Amino acid sequence: MSATVLAFGAGLLQPGPLQTGPLDLLFAPFYWVLALWSGLMDWLAAATGLGLLQYGFMHRAILVGICIGVMAPLIGTFLVHRQLALIGDALAHTAFAGVAIGLFLNAVLDLGVSPYLTAVVVAMLAALCIELITEATDADNDVSMAIVLSTGFALGTTLISLNAGGLSVGVNQFLFGNLSTVSAENAAILLALFTVIVGVVALTRNQLLYVTFDETAAAVSGLPVRWYNRVTVMLTAMVVVGAMQIMGVILVAAMLVVPVAGATQVSRSFSESILVSVVLAELAVLLGIGVAYYAEATAGGVIVLVAVAIYVTAVGLGKLQGRLGATAAPVAGPAGAEETESD
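Taking the working numbering, the leading residue of the sequence shown gets 465, the next gets one more, and so forth.
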């Protein structure tokens, strides 16, 4: 992406030079979304006096966090019900290889490509490899995920160890995430991924739901099950790369699983589980970002700790609901019996 498509000024984005490259034209609408969002954050900062809303990097971090809070549990709900919770971890480590490839190409060939773009490409290819290994060898999903995870992380560490042109500099931000390093370009990429993920799920929700709960029946009914499986894992790869900006490679899988696990404790249907998991994820992300900012802690770690605390609370509420239901059942039983006897 060419330099200075849009430049920051006083917390707002101002139009830069005319875009000429295809990527510039593709991402231009998302830069304008960032401009509007930054203006809203400036207004909230003036109205509330909150210090964290006064900085441009926090504007972008909060927007990225909100998007993660929607798309991670949206895909994670399908993964958890299909017992693919660990695929996020596998793709996160492979995305790290994509970041390393981007940094390596920039250092050696001076291409100027965003490491997050190369991470998207590599993670999606890795997602397809997981499916292809499973289909070609009849291996279990956990075996194919372990192979792809170890290969991806080995490739990433090898490229980093070459240290071409100072390649190892700044790697920590990809491993652990960093609020202050969410650039306008990376935020625009995240918004593009968010649009694709939400759009695809909205269009294919019923098919994905059918494949998730009864893959055999879906295949018999004529649905291309393998194609929908590949769509699911590729969407997961997009979520992983998007969340990696503030969560880091090591912790990114948590947002796919922990809010969904909490939602299943208090939800009664699949649709309700998606809605509750999004609410829990947003709470974890926004509270985590706020705590991380004021405590000067790593955002990814704080967000996960908050998410786990919310999960524990949800488990407690679920147990309480179960006990109340069990207590109410015997009370209703005798009353019903008396009515039967009187009849």
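Don't be surprised by glycine CBs; every beta carbon is placed ideally from N, CA and C. Every value quoted in this text rests on a predicted model; they were computed, and no experiment measured them.
Span separating the alpha-carbon of residue i from that of residue j
i	j	result
Arg787	Ala707	37 Å
Ser647	Leu575	18 Å
Ala509	Leu516	8 Å
Ala701	Thr791	45 Å
Ser614	Ala561	10 Å
Val584	Val705	6 Å
Gln785	Ala590	41 Å
Leu739	Ala745	10 Å
Asp553	Leu596	18 Å
Ala651	His523	10 Å
Met719	Leu573	35 Å
Tyr519	Glu760	15 Å
Leu424	Leu654	Any property of residue 424 remains undetermined from this structure, which presents the chain solely from 465 to 807.
Ser625	Leu500	41 Å
Leu567	Gln637	13 Å
Ala656	Phe491	7 Å
Ser737	Val755	26 Å
Ala683	Arg690	9 Å
Leu548	Asp604	11 Å
Tyr809	Leu747	This structure cannot speak to residue 809, because the chain is shown only from 465 to 807.
Val743	Gly529	13 Å
Val697	Leu550	12 Å
Phe494	Gly513	27 Å
Ala600	Ile594	10 Å
Lys783	Ala618	43 Å
Gly663	Leu527	18 Å
Gly670	Asp602	The residue you asked about is not Gly; residue 670 is Asn in the sequence shown. One C-alpha to the other measures close to 27 Å.
Close Cβ partners of residue i (< 7 Å) along its chain, the five nearest in sequence each way excluded
i	result
Gly764	Phe640, Gly641, Ile710, Met711, Gly712, Leu715
Leu555	Ala587, Ala590, Ala591, Thr700, Ala701, Val704
Phe521	Leu643, Ser644, Val646
Pro688	none
Same chain, Cβ closer than 6 Å to residue i, neighbours up to 5 away in sequence not counted
i	result
Val781	Here the sequence assigns Leu to residue 781, which means Val is not the residue at that position. The answer, listed in chain order, is Val730.
Val724	Pro537, Gly540, Thr541, Val544, Ser741
Thr762	Phe640
Leu569	Leu575
Gly629	Low local confidence applies: a pLDDT of 49 at Gly629 is under 50, so the model's placement there is unreliable, with the coordinate-based value given in what follows. The answer, listed in chain order, is Ala571.
Val768	Leu715, Ala718
Ile661	Met535, Leu699, Met702
Glu679	Val689
Residues of its chain near residue i, where Cβ-Cβ distance is below 8 Å and the 5 sequence neighbours each way are ignored
i	result
Ala681	Tyr674
Met665	Here residue 665 turns out to be Val, not Met, going by the sequence shown. Only Leu538, Ile539, Leu672, Leu699 meet the Cβ criterion.
Thr668	Tyr692, Val695
Asp606	Leu550
Val779	Gly726, Gln729
Ser685	Tyr674
Beta-carbon separation (whole angstroms), residue i vs residue j, contact threshold 8 Å
i	j	result
Thr558	Val612	6 Å
Beta carbon of residue i nearer than 7 Å to that of residue j
i	j	result
Gly620	Ala564	yes
Ala525	Leu643	yes
Val772	Gly752	no
Arg546	Thr645	no
Phe722	Tyr775	Per the sequence presented here, residue 722 reads as Val, with Phe not at that position. In contact: Val722 and Tyr775 (Cβ atoms closer than 7 Å).
Val658	Cys531	The sequence shown places Phe at residue 658, not Val. Contact: yes.
Gly533	Val770	no
Thr598	Ser608	yes
With a floor of 4 residues, list each alpha helix (DSSP H) that falls wholly inside the region 519-596, ordered by position along the chain. 520-545, 551-573
Could you tell me which whole alpha helix (DSSP H) segments of length 4 or greater appear in the region 664-714? 679-684
Taking only runs of the alpha helix (DSSP H) that begin and end inside the region 706-770, which ones reach a length of at least 4 residues, in chain order? 718-730, 734-759
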